[in-house]
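Notes for the one structure printed next.
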Amino acid sequence: MDPKVWTFFYGSFINVDVLREVDFVPEAVLLARLSGYDIRIEPLANLVPDEAGTVYGILVPATHAELQRLYGQGWVGTYLPHAVLATRPDGAFVPALCYVAPSPPRAPARADYVDRIVRPARAYGFPAWYIARLESFRPGT
845 MDPKVWTFFY
855 GSFINVDVLR
865 EVDFVPEAVL
875 LARLSGYDIR
885 IEPLANLVPD
895 EAGTVYGILV
905 PATHAELQRL
915 YGQGWVGTYL
925 PHAVLATRPD
935 GAFVPALCYV
945 APSPPRAPAR
955 ADYVDRIVRP
965 ARAYGFPAWY
975 IARLESFRPG
985 T
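First residue of the sequence shown? That's 845 in the numbering used here, and the numbers climb one at a time after it.
Below, the structure is given as structure tokens:
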């Protein structure tokens with residue numbers, strides 16, 4: 845069995861239905877936040893350094909093969925793994941991988957893509973201010 849690493853997802857991969865589209869069903873899903881970053885959705889979700897920022901997401905265990913399958917999809921583009929220290933709601937730190945696009949294309953997000961992030965973010969109980977941040981990327985807002 846391939847070893848698994850904790851991975852912090854913050855964009856459409858927080859949506860387990862999106863993960864299922866490539867036959868990835870995580871054995872665990874933990875809520876978490878990542879300090880020192882802000883989220884941008886232009887047109888896909890990405891992180892940018894922001895020492896005052898916080899991004900909410902999930903931690904899941906994944907093999908490197910599963911991560912290659914997720915991030916190797918044509919629509920995803922180039923995202924590279926970064927080592928991060930995520931924080932669970934109980935305050936415990938979890939070392940994890942987090943994928944970030946080094947030079948993403950900049951364009952408005954599509955409403956259906958924003959929905960794929962906002963729906964699970966609401967279901968997970970992410971803070972209202974963070975949901976509003978995600979919604980701010982919806983076209984026409």
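Yeah, the Cβ is synthetic: ideal placement off N, Cα and C, and Gly gets one too.
If you draw a straight line from the alpha carbon of residue i to that of residue j, how long is it in whole angstroms?
{"i": "Ala872", "j": "Phe970", "result": "18 Å"}
{"i": "Asp867", "j": "Leu911", "result": "12 Å"}
{"i": "Ala906", "j": "Ala940", "result": "10 Å"}
{"i": "Ala909", "j": "Ser856", "result": "19 Å"}
{"i": "Pro933", "j": "Leu888", "result": "26 Å"}
{"i": "Val849", "j": "Val904", "result": "8 Å"}
{"i": "Tyr854", "j": "Val899", "result": "7 Å"}
{"i": "Arg977", "j": "Met845", "result": "39 Å"}
{"i": "Val920", "j": "Asp956", "result": "15 Å"}
{"i": "Arg913", "j": "Val928", "result": "21 Å"}
{"i": "Asn859", "j": "Ala896", "result": "26 Å"}
Between residue i and the rest of its own chain, which residues show a CB-CB distance below 7 Å, the 5 nearest in sequence each way excluded?
{"i": "Ile793", "result": "Nothing about residue 793 can be read from this structure; the chain reaches only from 845 to 985."}
{"i": "Tyr923", "result": "Tyr915, Tyr943, Val944, Ala945"}
So, for residue i: in the same chain, excluding its five sequence neighbours on each side, which residues have a beta-carbon less than 6 Å away from its beta-carbon?
{"i": "Pro847", "result": "none"}
Taking all protein chains shown into account, decide if residue i is buried (16 or more other Cβ within 10 angstroms of its Cβ) or exposed.
{"i": "Pro984", "result": "The sequence given here has Gly at residue 984, not Pro. By the 10 Å Cβ count, Gly984 comes out exposed."}
{"i": "Tyr968", "result": "exposed"}
{"i": "Gly901", "result": "buried"}
{"i": "Arg864", "result": "exposed"}
{"i": "Pro949", "result": "exposed"}
{"i": "Leu878", "result": "buried"}
{"i": "Ala930", "result": "buried"}
{"i": "Pro870", "result": "buried"}
{"i": "Phe937", "result": "exposed"}
{"i": "Ala876", "result": "buried"}
{"i": "Ala953", "result": "buried"}
Which residues does DSSP pair with residue i in a beta bridge?
{"i": "Ala927", "result": "Leu941"}
{"i": "Val849", "result": "Ala906"}
Are the C-beta of residue i and some C-beta of chain D separated by less than 8 Å?
{"i": "Leu888", "result": "This model lacks chain D altogether, as it is built from one protein chain only."}
In chain order, what residues of the same chain have a beta carbon less than 8 Å from the beta carbon of residue i, not counting five sequence neighbours either side?
{"i": "Ala951", "result": "Glu886, Pro887"}
{"i": "Asp894", "result": "Gly880, Tyr881, Asp882"}
>> Please give the ranges of any beta strand (DSSP E) in the region 929-957, keeping only runs that are unbroken, at least 3 residues long and fully inside the region.
In response: 937-944
> Which parts of the region 852-923 are runs of the alpha helix (DSSP H), unbroken and 4 residues or longer, counting only runs that do not cross its ends?
Replying inline: 860-864, 908-915
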